[in-house]
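Accompanying notes for the structure given below.
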Amino acid sequence: EAQVTQNPRYLITVTGKKLTVTCSQNMNHEYMSWYRQDPGLGLRQIYYSMNVEVTDKGDVPEGYKVSRKEKRNFPLILESPSPNQTSLYFCASSLLGGSGANVLTFGAGSRLTVL
Amino acid sequence: AQSVTQLGSHVSVSEGALVLLRCNYSSSVPPYLFWYVQYPNQGLQLLLKYTSAATLVKGINGFEAEFKKSETSFHLTKPSAHMSDAAEYFCAVSESDSWGKLQFGAGTQVVVTP
Chain A
1 EAQVTQNPRY LITVTGKKLT VTCSQNMNHE YMSWYRQDPG LGLRQIYYSM
51 NVEVTDKGDV PEGYKVSRKE KRNFPLILES PSPNQTSLYF CASSLLGGSG
101 ANVLTFGAGS RLTVL
Chain B
116 AQSVTQLGSH VSVSEGALVL LRCNYSSSVP PYLFWYVQYP NQGLQLLLKY
166 TSAATLVKGI NGFEAEFKKS ETSFHLTKPS AHMSDAAEYF CAVSESDSWG
216 KLQFGAGTQV VVTP
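Note that the protein sequences, when read in sequence, are chains A and B.
Per my numbering, residue 1 is the first one in the first sequence, and the count goes up by one each step.
Per my numbering, residue 116 is the first one in the second sequence, and the count goes up by one each step.
See below:
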């Protein structure tokens, strides 16, 4: 089954404790992206990647890091989480170009609470 | 710069009634427009997309949207609401047809009452 898998789905942590949210896709998509969803704000892009070793900032990158060492994986790293990073996070992927461009496949989401 | 505005953060409709969700966009180039739906506790999934081939776009589950350049709008409609349509709906815009730099609206929560 074609899918984007995120882990963990739920996490409660404390301020300053580094954490990583993993994301993996099995569709051979070139494009991968992280979003955060907050009430009344919709989805805001954190980082995106157009291919292996190619990443760039989205609209709200502060406090986050990413890496793309393999095509299928795109982990999101919070080096020193703060309470304002409490949110629902989504990983998504798509093809670049053709009819599949902009047709994002989303993971099920990771709900993060930072105390 | 591209952006979308969704009018109404919550919409309540009766089962069998028309569903109308409003989206207006701002774009400096011809836009590519999308509607995504998010069911409870799930990620978003594509409902439909406009890529300039036709102004009236049909999507899944009986939804359709009409692109109106003069009004910079891309409203989503469904003639008859079903209980399973209860979800959050997001309008999104992209200025590129080759990669996924989407700008999402704030979302509209749809409640369907019996």
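Backbone N, C-alpha and C fix where the C-beta goes; we use that ideal spot for every residue, glycine too.
Quantities reported herein were computed from a predicted structural model and do not represent experimental measurements.
Using the Cα positions of residue i and residue j, report the straight-line distance between them to the nearest angstrom.
i      : j      : result
S185/B : Y140/B : 11 Å
L19/A  : T120/B : 34 Å
K216/B : S127/B : 31 Å
Y89/A  : Q153/B : 13 Å
K173/B : K17/A  : 47 Å
Assign residue i to one of three DSSP states: helix, strand, or coil.
i      : result
N7/A   : strand
E288/B : Because residue 288/B is not part of the residues shown, which for chain B are 116 to 229, the question remains open.
D38/A  : strand
N51/A  : strand
S124/B : coil
For a quick check, are the C-beta atoms of residue i and residue j less than 7 Å apart?
i      : j      : result
A201/B : G40/A  : no
L161/B : V4/A   : no
F231/B : K164/B : Nothing about residue 231/B can be read from this structure; chain B reaches only from 116 to 229.
Q218/B : V208/B : yes
S142/B : E210/B : yes
A196/B : E130/B : yes
S93/A  : M32/A  : yes
I77/A  : P61/A  : no
F182/B : C138/B : no
D56/A  : R44/A  : no
How should residue i be labelled, buried or exposed, when 16 other C-beta atoms within 10 angstroms of its C-beta is the threshold for buried?
i      : result
G42/A  : buried
M198/B : exposed
R9/A   : exposed
Cβ contact (3+ pairs, closer than 8 Å) linking the region 6-17 of chain A and the region 99-113 of chain A: yes
With a cut-off of 8 Å, do at least 3 Cβ pairs link the region 59-74 of chain A to the region 23-30 of chain A? yes
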